[in-house]
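Residues 1 to 470 (our numbering) make up the sequence shown, in order. Taking it in order: structure first as structure tokens, then the write-up.
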Amino acid sequence: MAKKMTKEQQLAVKTTDRAVIVSANAGSGKTSTMIARLVKLVEERKCSVSEILALTFTRSATTEMKQRLFSALQKSDVLTDDEKRRELTELNVADISSLDGFCQKIIKKYFYVKGIDPNFGVIDEVEAGYLKAKALEDTFSEFGEKPEFLELAQVLGATKNLNKLSDLVYSFSAFLFTLKSPKEFLDNQLKNTAQQYNLCLHYVLDCFKADCLRMRAMLSEMKSTVEICGYDENDYVRINLLLDFLNLFKTFKLDETKHFATIPELPQTTSERKGRTGEELDFRKQMNEKTREYVATITRYAVIFSFGNTTRLAQSYENSLIYVKTLCKVTEKYIENYAKMKSVRNVLDFTDLEDRAIEILRDENVKNETRNKYKYICVDEFQDTNEKQSELLSLVCGDNNTFFVGDPKQSIYKFRQCDLNIFVALIEKFKADKSKKFIAFKQNFRSHKHILMFVNRIFKNIMTKDVANI
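Structural data, given as structure tokens:
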């Protein structure tokens, strides 16, 4: 980062009377700015290090922040020697930690609120993986002889092993673990399956309409080319066959899917003959490519719409409903078995830490005491927040003491179900609220200007609401 701060960085450091959210590009000096902000708060005697909560998403980031804050406080020419000693001593036990570390501290302090054994252990991902595998094995044993379970496994292609079903349960449960109320989601999922099916069906019909109109235009143009240039008669017949089928669809409603039972059989492509012009050969090559695309597209929709058999389509929906119900039941039982194994061992995983901390912080006395403890709160890498973590932060943060930093383009924890929309929505909220402050760090001090020009040119076209939701 450059020694001299930009106007945006200075604004982020000085704005301490309201909530601030910063969208910071890679290499824009966000960490240095955060450290400068925290030091300024201490130097201006607005708070001590012990009254700051600084949260990161990794332990390595926590260590780096503490080290840089230690160095910055040590070099301060504003604090007295006594103040430096006091602040540096408090820094060792200050609440500058990863999110799971903070949750663990809350549970240890207020364990009695929810009757939690204070001697609990925290398992890492390796040990958690072992318990999950054992819990899933027990779950499959319980469901193993049930027809709906065997049918679900068969649909997923799990005839020789249950690997695909295992992956699905793991993925589904990982998603559920990030929600505020997994049980409520599962209940609603079963209730809303019919509605979701209808939405999906209409979405597919809309997609087919768009593809149909696109292919009609393409074929009409090729038909005109054949008529004008007098190319092979067989090409003309093929194009008409394809167009005739597409013209059967006028309203693109469900009842028109019956036409998929009458997909025409195309005449074979004629081989290349001596004497043809280069233009005609190029045209026929293009037409063959477009025809293959047409057949692949129509076949895909034909399978979806059961080749015009609406009874079969309805049966497909009924089967899907059974599969969804079975998957929900299996996943729910797996989560239950996994929870029992952890309970017997008196251990918690990272998800449990968040769950227990949220349960405790919902207690009004605990929430108020925690909020009163921290005069200023700083959250780094906010773009990697999920729904549950967002609730946790809302319980801790006040109205005007927060400083959120993130970069939508650096969101890397999708596999942990982070929801980028949380950060984007908060930015929009801050922009619309004059009592809050949105700041954008657009400069990059790390990369060569030609690299930045290249990247910015690409991002200008793909970082949009339609493509990337930002």
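Ideal Cβ placement from N, Cα and C applies to all residues, glycine included. None of the values given here were measured: they were computed from a predicted structure.
Asked                                                                                                             : Found
Residue burial classification, K373 (beta-carbon count within 10 angstroms, cutoff 16)                            : exposed
Run of the alpha helix (DSSP H) containing K325, from where it starts to where it stops                           : T310 to R345
Whether V424 touches A24 by CB criterion (8 Å)                                                                    : no
Neighbour-count burial assignment, V78, 16 or more Cβ in a 10 Å radius                                            : exposed
Residue ranges of each alpha helix (DSSP H) within the stretch 216-249, 4 or longer                               : 233-246
Whole-angstrom distance between L150 and C229, CA atom to CA atom                                                 : 59 Å
Nonlocal neighbours in the same chain, by C-beta distance under 7 Å from V204, ignoring five residues either side : I304
Distance CB(I239)-CB(M222) smaller than 8 Å                                                                       : yes
Whether L361 touches I106 by CB criterion (8 Å)                                                                   : yes
C103 classed as buried or exposed, judged by whether at least 16 other C-beta atoms fall within 10 angstroms      : buried
CA-to-CA distance, E332 to N444, given in whole angstroms                                                         : 46 Å
At least three beta-carbon pairs within less than 8 Å, the stretch 386-404 to the stretch 350-361                 : yes
Helix, strand or coil at A440 according to DSSP, with G and I counted as helix                                    : strand
Cβ-Cβ separation, T178 to N337 (assumed contact under 8 Å), whole Å                                               : Contact flag wrong, Cβ pair sits at about 20 Å.
Option nearest V126 by Cα separation, candidates S171, A432 and D349                                              : D349
Burial state of G275 (16 or more Cβ within 10 Å)                                                                  : Because the pLDDT of G275 is 48, which lies under 50, any placement of that residue in the model is unreliable, and the question is left without a value.
Contact between the stretch 254-263 and the stretch 287-302 (3+ Cβ pairs under 8 Å)                               : yes
Continuous alpha helix (DSSP H) stretch holding I427: start and end                                               : L420 to A432
DSSP state of A94 mapped onto helix, strand, coil                                                                 : coil
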